[in-house]
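Number of protein chains: 2
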Amino acid sequence: MSFKNIVVIGGGTGSFTVLSGLKVFRNLNLHAIVTMADNGGSTGKLRDELGVLPPGDARQCLVALAESSDVLRDLFNYRFDSGELSGHNFGNLFLSALEKITGNFEEAVKTASAILSIRGQVIPVTTENIHLSMTLANGETLLGESAIATCDVISHHKVSHIELLPKTEINPKAYDAIMKADSVIIGPGNFYCSLVPAMIVPGMKEALSKTSAQIIYNVNLMSKTGHSNGWSVEEHIQQLHRFIGAEVIDIALYNTTHPNKDLIERYKEEGLPVQRDTDTSYIGKTALIGEDLIADTLFINQHKKDPIRRTFIRHDSLKLAEALYRLI
Amino acid sequence: MSFKNIVVIGGGTGSFTVLSGLKVFRNLNLHAIVTMADNGGSTGKLRDELGVLPPGDARQCLVALAESSDVLRDLFNYRFDSGELSGHNFGNLFLSALEKITGNFEEAVKTASAILSIRGQVIPVTTENIHLSMTLANGETLLGESAIATCDVISHHKVSHIELLPKTEINPKAYDAIMKADSVIIGPGNFYCSLVPAMIVPGMKEALSKTSAQIIYNVNLMSKTGHSNGWSVEEHIQQLHRFIGAEVIDIALYNTTHPNKDLIERYKEEGLPVQRDTDTSYIGKTALIGEDLIADTLFINQHKKDPIRRTFIRHDSLKLAEALYRLI
């Protein structure tokens, strides 16, 4: 059994799914590079009120990689549901309090990593306090990931420019991890809110272009209405390349199983299944590989206070991990 | 070196001081039995809003016994100082979130004990959700420790009755610890808010009467204006016996060094040094032992949002521990 260095780039539920699945393969040395642009919900409040970096995406990766008791994993995911703490996630408070004490978000992640006995490493893509800014072709500017997440006319108006403010650079530890990786896995995840904010960090294009790692893109199962209306598998690849600024993806892994019709009907206002619109095996140098990746059961433990409605058509963590493992 | 089972009863800063000091003696097996009546500050809000047991006193004992890194101890003591989390103590949130997850405060304490690598055990004196109720001789009833802590006419009107509501019983683990102890140490601490709420738990009188352990009472350095005006060492012992309901104290350890005059002047509105008013060596069966127990340096890291003003005339943790160690 040969050991492999694997980098997973993204945030939120997408990285959680990939990491939870890949964790079962004991020969993989996992590095989660985490998007750092979230400013909504519990994370947004902590940023505003305490001046800390966004803990939410890092927290989900930490929990995914945790090998501690279930109680500690549950604790890091626990959301207070009454009183003035309502909506705050305990793991977020943990990282934020530690950042206030140590003055350093990476130290906070390190301490949390030890407590949760994580397998692998969680690396913020940047350690500066940045926000995402998107300008649409009609001239409108959306400041902050939360404004972008809830905007439903991005597809209509098209994105003319997207950047992180203030000017930042890739965390050298993230750069090194990509350079030393055998495989880099991007996504799945909210395209503009989880993937693009990591792709556009200055230095990411260089890292993804220079690394000898195989680069795999997990194409989303569903498009997102208002963001990626009607995007095919092929369009997803082209769009990701557009924001990276280079054609770096070696393999795009997409789902071939059509979701249950009732579910499609139920969520058609939120998005539609992502499908192929050609029958080619390659787009440029990117190989397209289709697999059954969809979860049979619904994901039902959505928090009722969660302001962003999440799709219940999900990647199956193990199916996805097995498909990835065959490639890496 | 023989191992000894030591029980420390109280809460807050008093137990923190005793436990921090005794921890250096590696042959002591420490058990902190913690008062569970607090309903003020961060603890009170958590009780009201989440319906949890009061975490504050247990948290201070956990930190005192922690042998983990300074970062984790700092984390458990960290108090958020801005936004809607302002005033909340992280360690309290930790215990409360764990109690919500496990449904069990003792499980929460156990998990925190493991994370903090504590030496010894922290045992809630009762695991029921109780409040302290005090009736003064003028008929007025004060409900909740917080109302009692801030009432400044208790000395004037005298206490006619004090009880925990609803009816509760001593935690069997606390009872067992007392029965198996070589020494039981009570106080120092706020008389009506830290000591009495532990002494009056049904079953405590029986445990303290039946145990073969030596029982030591650390008499407070200072009286508290409105609560214990002008109480001497002797009066403290008699009052404690009154609330226990039996004369169980073998040794009362009191301070013989007069605090700095400037400090006395500065804090004279809050209280005065506790002094002897007889020259006997015994009160009933209780031996009175005087030692230099006072800290030379001020305790200055008081939190600015702390609603209860704390005295800066303190027991020296090491002097107190050394004096206790000579007795046990």
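Line by line, the protein sequences give chains A and B.
For the first sequence, position 186 matches number 214 in the working numbering, and the numbering has no gaps at all.
For the second sequence, position 20 matches number 48 in the working numbering, and the numbering has no gaps at all.
Positions of the beta carbon are idealized from the N, C-alpha and C atoms, including for glycine.
Could you list which residues in chain A have their beta carbon closer than 8 Å to that of residue i, in chain order?
i                : result
Ile129 (chain B) : Val99, Asp102, Leu103 and Tyr106
Ala125 (chain B) : Leu103, Tyr106, Phe108 and Phe118
Leu81 (chain B)  : Per Cβ cutoff of 8 Å: no residues; Leu81 (chain B) is ~15 Å from chain A at best.
Does DSSP put residue i in a helix, a strand or coil?
i                : result
Leu321 (chain B) : coil
Ile244 (chain A) : strand
Tyr353 (chain A) : helix
Met162 (chain A) : strand
Ile311 (chain A) : strand
Ser48 (chain A)  : helix
Ser211 (chain A) : strand
His343 (chain A) : strand
Ser96 (chain A)  : coil
Ala205 (chain A) : helix
Val35 (chain A)  : strand
Ala86 (chain B)  : helix
Leu300 (chain A) : coil
Leu18 (chain A)  : In this structure chain A extends from 29 to 356, so residue 18 (chain A) is not present and cannot be described.
Tyr220 (chain B) : helix
Val276 (chain A) : coil
Leu81 (chain B)  : coil
Ile61 (chain B)  : strand
Check each candidate in the options and name the one with the smallest Cα separation from residue i.
i                : options                                   : result
Lys289 (chain B) : B:Ile146, B:Asn67, B:Ala315 and B:Phe340  : B:Phe340
Leu126 (chain A) : B:Ala125, B:Pro152, B:Asp98 and B:Ile151  : B:Asp98
Arg147 (chain B) : B:Thr71, B:Phe104 and B:Asn55             : B:Asn55
Ala94 (chain B)  : B:Leu50, B:Glu275, B:Leu78 and B:Ala351   : B:Leu50
Ser70 (chain A)  : A:His59, A:Ser114 and A:Leu346            : A:Ser114
Ala79 (chain B)  : B:Phe108, B:Ala92 and B:Gly131            : Here residue 79 (chain B) turns out to be Gly, not Ala, going by the sequence shown. Answer by Cα proximity: B:Gly131.
Thr45 (chain B)  : B:Asp324, B:Glu134, B:Lys347 and B:Ser161 : B:Lys347
Met64 (chain A)  : A:Ser174, A:Arg101 and A:Ile129           : A:Ser174
Ile34 (chain A)  : A:Ile206, A:Glu134 and A:Glu263           : A:Ile206
Ile356 (chain A) : A:Ala209, A:Thr308 and A:Gly258           : A:Ala209
Tyr353 (chain A) : A:His269, A:Val212 and A:Asp307           : A:Val212
Tyr220 (chain A) : A:Asn246, A:Ser256 and A:Thr239           : A:Ser256
Ala140 (chain A) : A:Leu100, A:Asn166 and A:Ala177           : A:Leu100
Val153 (chain B) : B:Gly84, B:Ser48, B:Asn199 and B:Thr308   : B:Asn199
Lys238 (chain B) : B:Leu81, B:Ala274 and B:Pro287            : B:Ala274
Phe271 (chain A) : A:Gly84, A:Leu236 and A:Val181            : A:Leu236
Distance, Cα to Cα, residue i vs residue j?
i                : j                : result
Tyr203 (chain A) : Gly231 (chain A) : 7 Å
Ile265 (chain B) : Thr169 (chain B) : 25 Å
Ile143 (chain A) : Val137 (chain B) : 16 Å
Cys179 (chain B) : Ala86 (chain B)  : 24 Å
Ile244 (chain A) : Ile151 (chain B) : 52 Å
Phe53 (chain B)  : Gly119 (chain B) : 26 Å
Asn329 (chain A) : Ser183 (chain A) : Confidence at Asn329 (chain A) is low in this model, with a pLDDT of 48, below 50, so its placement is unreliable and the value that follows should be read with caution. Approximately 29 Å, taken between the alpha carbons.
Asp320 (chain A) : Leu249 (chain A) : 11 Å
Glu298 (chain B) : Ser110 (chain A) : 37 Å
Asp324 (chain B) : Asp344 (chain B) : 8 Å
Ile279 (chain A) : Leu316 (chain A) : 6 Å
Glu234 (chain B) : Ser260 (chain B) : 27 Å
Gly215 (chain A) : Gly39 (chain A)  : 8 Å
Val276 (chain A) : Ile228 (chain A) : 14 Å
Thr163 (chain A) : Glu191 (chain A) : 9 Å
Lys252 (chain B) : Val91 (chain B)  : 26 Å
Glu77 (chain B)  : Ser124 (chain B) : 11 Å
Asp66 (chain B)  : Phe104 (chain B) : 18 Å
His59 (chain B)  : Glu134 (chain B) : 14 Å
Ser371 (chain B) : Gln88 (chain B)  : What the structure shows of chain B is the stretch from 29 to 356, and residue 371 (chain B) is not part of that stretch, so it cannot be assessed.
Leu300 (chain A) : Tyr282 (chain A) : 14 Å
Thr41 (chain B)  : Val62 (chain A)  : 41 Å
Val181 (chain A) : Gly84 (chain A)  : 26 Å
I want to verify the contact list: residues of chain B whose CB lies under 9 Å from the CB of residue i, in sequence order.
i                : result
Gly111 (chain A) : Lys73, Leu74, Asp76, Glu77 and Leu78
Thr139 (chain A) : Ser97, Val99, Leu100 and Leu103
What does residue i touch in chain B if you count any residue whose Cβ is under 8 Å from its own?
i                : result
Leu144 (chain A) : Chain B residues near Leu144 (chain A): none, gap ~10 Å exceeds 8 Å.
Leu90 (chain A)  : Those do not exist, as Leu90 (chain A) stays about 15 Å from chain B at its closest Cβ, beyond 8 Å.
Cβ closer than 7 Å: which chain A residues qualify as neighbours of residue i?
i                : result
Leu352 (chain B) : Those within 7 Å of Leu352 (chain B) in chain A number zero; the least Cβ separation is about 32 Å.
Leu316 (chain B) : The premise fails here: Leu316 (chain B) is roughly 43 Å from chain A at the closest Cβ pair, so nothing lies under 7 Å.
Leu56 (chain B)  : Chain A residues near Leu56 (chain B): none, gap ~27 Å exceeds 7 Å.
Leu249 (chain B) : Here the premise fails: no neighbours, minimum Cβ distance about 31 Å.
Could you list which residues in chain A have their beta carbon closer than 9 Å to that of residue i, in chain order?
i               : result
Leu47 (chain B) : Ordered by position in chain A, no residue passes the 9 Å Cβ test against Leu47 (chain B), which lies about 22 Å from the chain.
For the ligand PLP, is there a heavy atom less than 7 Å away from the beta-carbon of residue i?
i                : result
Gly217 (chain A) : Of ligands this structure carries none, so the ligand PLP is not represented either.
Whole alpha helix (DSSP H) elements within the segment 106 to 135 of chain B, 4-residue minimum:
118 to 130
Beta strand (DSSP E) runs wholly inside the segment 222 to 271 of chain A, at least 3 long, in chain order
242 to 246
Counting only runs that start and end within the segment 168 to 192 of chain A, where is the beta strand (DSSP E) found for 3 or more residues in a row?
169 to 171
Of all the beta strand (DSSP E) runs that stay within the bounds of the segment 135 to 159 of chain B, which reach a length of 3 or more residues?
149 to 152
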